[in-house]
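Residue numbers (this note's numbering): 344 to 610.
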């Protein structure tokens, strides 16, 4: 779902290290730019996403062409390769850079505004670099449960029991471990719950929890239009929307007379 088409870029080819390209999903700008805004001390962004690819294909190394772009490296020579196997081939800095800087870069430099369905930060939590080849099944254990999730469950439970000091204690046990420079949350009330859910969003990203976190707390699903990527799309999936609950399959209704007239509301 997440492996981008890196093998189509200069200096790259498919490998077990980087996985089989089969991209269908791109992380939202809210997740990469807001939830994971702190990346210097909080290591979770770089442990969640792959943003650098190292060249592994000598046959497709790019060469400098005339005229050299303004700002090109001092040792750039027309007709010579821009980089070698083992050097950076693709890099996503996570912040914007000018088109001029992109043109002058040795490697493919991709700021967030250039992310698309073919190339964007690669969610690498489930990547298996130990497979025999690209067609070999993954042997990497699936994430079922983690200690950090236990702390965050305890934090949310304490919050719902009106024990906010204990909720902050469990919440900060996770947050300050991931970012040693963070002094901890001091929030109260609704903001404390929001902070708990934000930490869950970062800690458990792409592990299948987000929708259930919102449903459990009776919260709307809200698309934050950070980068204008939801033009013409409803931004709020309200808790009152009947589509929050799927319909009972017609085959099940037909097979069971006891529930034949009990379809979920709205369908």
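The beta carbon of each residue, even a glycine, is placed where N, CA and C say it ideally should be.
Keep in mind the model is a prediction, meaning the values are calculated, not measured.
Proximity of residue i and residue j at Cβ, strictly below 7 Å
{"i": "residue 420", "j": "residue 406", "result": "no"}
{"i": "residue 426", "j": "residue 388", "result": "no"}
{"i": "residue 522", "j": "residue 530", "result": "no"}
{"i": "residue 364", "j": "residue 462", "result": "no"}
{"i": "residue 396", "j": "residue 432", "result": "yes"}
{"i": "residue 486", "j": "residue 550", "result": "yes"}
{"i": "residue 362", "j": "residue 400", "result": "no"}
{"i": "residue 447", "j": "residue 415", "result": "yes"}
{"i": "residue 502", "j": "residue 547", "result": "no"}
{"i": "residue 579", "j": "residue 565", "result": "yes"}
{"i": "residue 453", "j": "residue 435", "result": "yes"}
{"i": "residue 470", "j": "residue 384", "result": "no"}
Spatial distance of residue i from residue j (CA atoms)
{"i": "residue 590", "j": "residue 600", "result": "16 Å"}
{"i": "residue 604", "j": "residue 592", "result": "12 Å"}
{"i": "residue 582", "j": "residue 560", "result": "10 Å"}
{"i": "residue 413", "j": "residue 476", "result": "42 Å"}
{"i": "residue 366", "j": "residue 506", "result": "43 Å"}
{"i": "residue 527", "j": "residue 556", "result": "22 Å"}
{"i": "residue 544", "j": "residue 595", "result": "35 Å"}
{"i": "residue 360", "j": "residue 473", "result": "8 Å"}
{"i": "residue 617", "j": "residue 588", "result": "Outside the displayed span of the chain (344 to 610) sits residue 617, for which this structure offers no information."}
{"i": "residue 609", "j": "residue 484", "result": "40 Å"}
{"i": "residue 553", "j": "residue 533", "result": "18 Å"}
Segment limits, beta strand (DSSP E) that includes residue i
{"i": "residue 475", "result": "Unbroken run through residue 475: none, as it is neither H nor E."}
{"i": "residue 445", "result": "Run containing residue 445: none in the beta strand (DSSP E); it sits in the alpha helix (DSSP H), 442-447."}
{"i": "residue 433", "result": "431-434"}
Residues bridged to residue i [DSSP beta-bridge criterion]
{"i": "residue 394", "result": "Answer is none; residue 394 lacks a bridge partner."}
{"i": "residue 565", "result": "579"}
{"i": "residue 465", "result": "393"}
{"i": "residue 358", "result": "362"}
{"i": "residue 459", "result": "462"}
{"i": "residue 424", "result": "406"}
{"i": "residue 452", "result": "434"}
Integer-rounded CB distance, given that residue j should sit under 8 Å from residue i
{"i": "residue 379", "j": "residue 465", "result": "The Cβ separation is near 14 Å, so there is no contact."}
{"i": "residue 437", "j": "residue 455", "result": "7 Å"}
{"i": "residue 498", "j": "residue 514", "result": "4 Å"}
{"i": "residue 509", "j": "residue 542", "result": "Between residue 542 and residue 509 the Cβ distance is about 15 Å, and since that is not below 8 Å, they are no contact."}
{"i": "residue 369", "j": "residue 458", "result": "6 Å"}
For residue i, the first and last residue of its enclosing alpha helix (DSSP H)
{"i": "residue 593", "result": "593-598"}
{"i": "residue 366", "result": "Premise fails: residue 366 is in no alpha helix (DSSP H) and is neither H nor E."}
{"i": "residue 606", "result": "Note, residue 606: premise wrong, no alpha helix (DSSP H); not H, not E."}
{"i": "residue 534", "result": "532-546"}
{"i": "residue 503", "result": "490-503"}
{"i": "residue 555", "result": "553-559"}
{"i": "residue 348", "result": "No alpha helix (DSSP H) contains residue 348, which DSSP labels as neither H nor E."}
{"i": "residue 515", "result": "507-521"}
Neighbour flag for residue i against chain D, beta carbons, 7 Å
{"i": "residue 505", "result": "Here chain D cannot be found, since the structure has a single protein chain."}
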